[in-house]
Structure formats: C-alpha cells, structure tokens
Amino acid sequence: MPPPPPLARDEARLWRVPVLGGLDVLQARFVKQAFARHTHEEFTVGVVRRGAAAFWNRGAQHVAPDGSVMLINADEVNTGQPFAQGGYIHLVLYPSAELLRRVASEVGGRTARQPYFPQSVAQAPAVAQALLSAHRQLADPAATGLAQETALHAALAALTTQLSDGRLRPTFLGRERAAVQRTRAYLEAHACRDVTLGELASVGGLSAFHLSRVFREALGLPPHAYQIQARIRQAQGWLRAGLPAAQVALDAGFSDQSAFSNQFKRHVGVTPGQYMRERQDVRDFPRQPPE
C-alpha cells in the first residue's frame, strides 16, 4: 500500500463542548503553523497523528512523534511547530484543572489534589486510544450526549491513572450489582431521553468513573451503548405498530433519520424501511392450512 500523501496546508477547527462542564477541543493539521511562546489557563493534552510535532516546554525542546501524547500542564509556557516538512495532525483537549481534579477524585474514591503530568511527551498507546475515541465522539454530530460524556470521562480517567504523578488506582467497591441493576432499569425507563453520566451516577450511587467501569464489566456494554440498544428495541415496537420511520427516529431520541437508520442496521441487520417492508411481506404471505 502506498504511503498517504503529505499534508498540504494548515487547517484547524476549535470548538467548545458542553459535556462535563465544558471544555475546548481542537482538531487541526499544521504544515507551516508556528506558535510563539504562550500559555493556557487549562491543561493541553494532545495526540499527534501522521507526522511529528516539535515544541519547547519546561526549558527544553521536545519532539512528539506519531501516536504520542503531548502533555502541557496549566499555565506552562510552550511553543509548537511541525518537526518535519510534511507537518502533522494534532488532536487536542483543553481540560481545566478543576475538571481533572474532579475526575481524579472519582477514580481514587477520595478528594484528590490537582494532577500534574511530569512528562511533556509520553508513549502511552492505551491513553492515546482513549483520547482518539473521545475525539471521534465529540466530533460526531450523531453521537448522544451520554456517549460523548462517557468517552471524554474515560479519556481523562486514563490520563490521571496512567500519566499523572499520582498514578491513582481505582478503589474496590462492593455494591456493584445493585448499582448496575438500578442504572439498567433507569436507562430502560428513559431510553429515548438524553441522560447524563452524572445523572446515572446518582441513580447508581457510584462515581461516574466507577459506574461506567462496573456497568461495562457486568453487561459487556458501556451505558451509552446500552441506551442505544434500548432505543432500537423501542423503535422496533413502534415500527411494528405502523408508525412512520421519520417519526420513530425523532421519538426514539436520534439526532436525525440517517443516524437512526445507521444504528438500526448495526443492531438489527436491516434498515428501518427494510424492516417494515419485510414484516409487511410476512403479514401478506398466505398461511398454509394445517395438514
């Protein structure tokens, strides 16, 4: 397979997401962009793709190659530019100190101090993958708020447990089964409504981090995926009752009919239109008399 073509020009998209209290997200490719020395009030956490970035931080020059995680603590001076002519793709989150401290407290089960990242560049594939998953959800207009919140929370938890100086260990809990049962019932009862991870944590009586972990371990699905499954089951019932697919998509809580159709096919194997037609064909097919 030939190598991908080199990047051609600078492009950047910066936007703010409301989940977990809000934070800025940057997705960019930099070919010529060079940042002067500057600081951010928030932490800068980035994954480098397709190339390498060079930057100055903590009194030294650093190179962040493809797949690495860049870590700049809040209020630290830094620069940034491509390391080589081909440029690089940069996926960045800007979490506040308070948000990271809150996530760290949930992970450790006790009040935590503000995390500090001792490395400017880290080779941490699991953390990089969690950050990439969060970026995919945050950039997907069809993703539910719960899916975005869960992915972002998981990425920040991976940061605090694997790359911060504290290296927090998740606490052991003994009431997981009841928490999962309550959360599962709540998701079934509110399948078509946008719920938050904090809302589910309150129902389960656990922190958001521990609820996500034990729910996935118990059921094999994270809460947001379980809710999508519950929505599809509800949609199947409405389609069988003869409601139009466009109305079902809206009532089931999907962002649009395309998102509904994609998720329906992933779970059922056919599109909503095919599902309705095939069930109509079954009803119309003459039954054979008993012998």
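When you line the sequence shown up against this note's numbering, it's residues 291 to 581, in that order. Positions of the beta carbon are idealized from the N, C-alpha and C atoms, including for glycine.
Within a 10 Å sphere around the beta-carbon of Leu449 sit 16 or more other beta-carbons, which makes this residue buried.
Taking the Cα positions, Gln427 is about 12 Å away from Ala444. In this structure, Leu490 sits near Pro513, with a CB-CB distance shorter than 8 Å. Asp314 carries a strand assignment under DSSP once its states are collapsed to helix, strand and coil. Distance from the CA of Tyr378 to the CA of Val353, rounded to the nearest whole angstrom, comes to 12 Å. Ranked by how close their Cα comes to the Cα of Val321, the residues Val338, Asp300 and Phe333 have Asp300 in first place.
Here Gly510 is exposed. Its C-beta has fewer than 16 other C-beta atoms within 10 Å. Each residue's CA atom was taken as its position, placing Glu388 and Arg306 some 17 Å apart. Following the DSSP letters along the chain, one finds His328 inside the beta strand (DSSP E) bounded by residues Phe325 to His328. Of the other Cβ atoms in all chains shown, fewer than 16 fall within 10 Å of the Cβ of Gly527; this residue is therefore exposed. Secondary-structure assignment with DSSP links Pro372 through a beta bridge to Ala343.
Tyr516 sits in a helix when the DSSP states are folded into three classes. CA-to-CA, the gap between Ala536 and Gln547 works out to about 6 Å. Closest option to Gln317, judged by alpha-carbon separation, among Leu383, Gly488, Arg523 and Asn347: Leu383. When only Cα atoms are considered, Gly543 and Ile518 end up about 9 Å apart. Distances from the CA of Pro562 to each of Glu478, Pro385, Gln323 and Leu529 were compared; the closest alpha carbon is that of Leu529.
Within a 10 Å sphere around the beta-carbon of Leu304 sit fewer than 16 other beta-carbons, which makes this residue exposed. The Cβ atoms of Gly336 and Asp356 do not sit closer than 8 Å to each other. In terms of Cα proximity to Gly376, the closest of Gln323, Arg392 and Arg400 is Gln323. It is roughly 19 Å from the alpha-carbon of Ser551 to the alpha-carbon of Gly435.
CA-CA distance, Thr329 to Phe373, rounds to 20 Å. Beta-carbon to beta-carbon, Leu381 and Leu453 are separated by about 16 Å, too far to satisfy the 8 Å threshold. Counting every other CB atom within 10 Å of its CB across the protein chains shown gives Val560 a total below 16, marking it as exposed.
Runs of alpha helix (DSSP H) with 4 or more residues, each lying fully within the region 397-478, are found at 415-429 and 435-452, listed in chain order.
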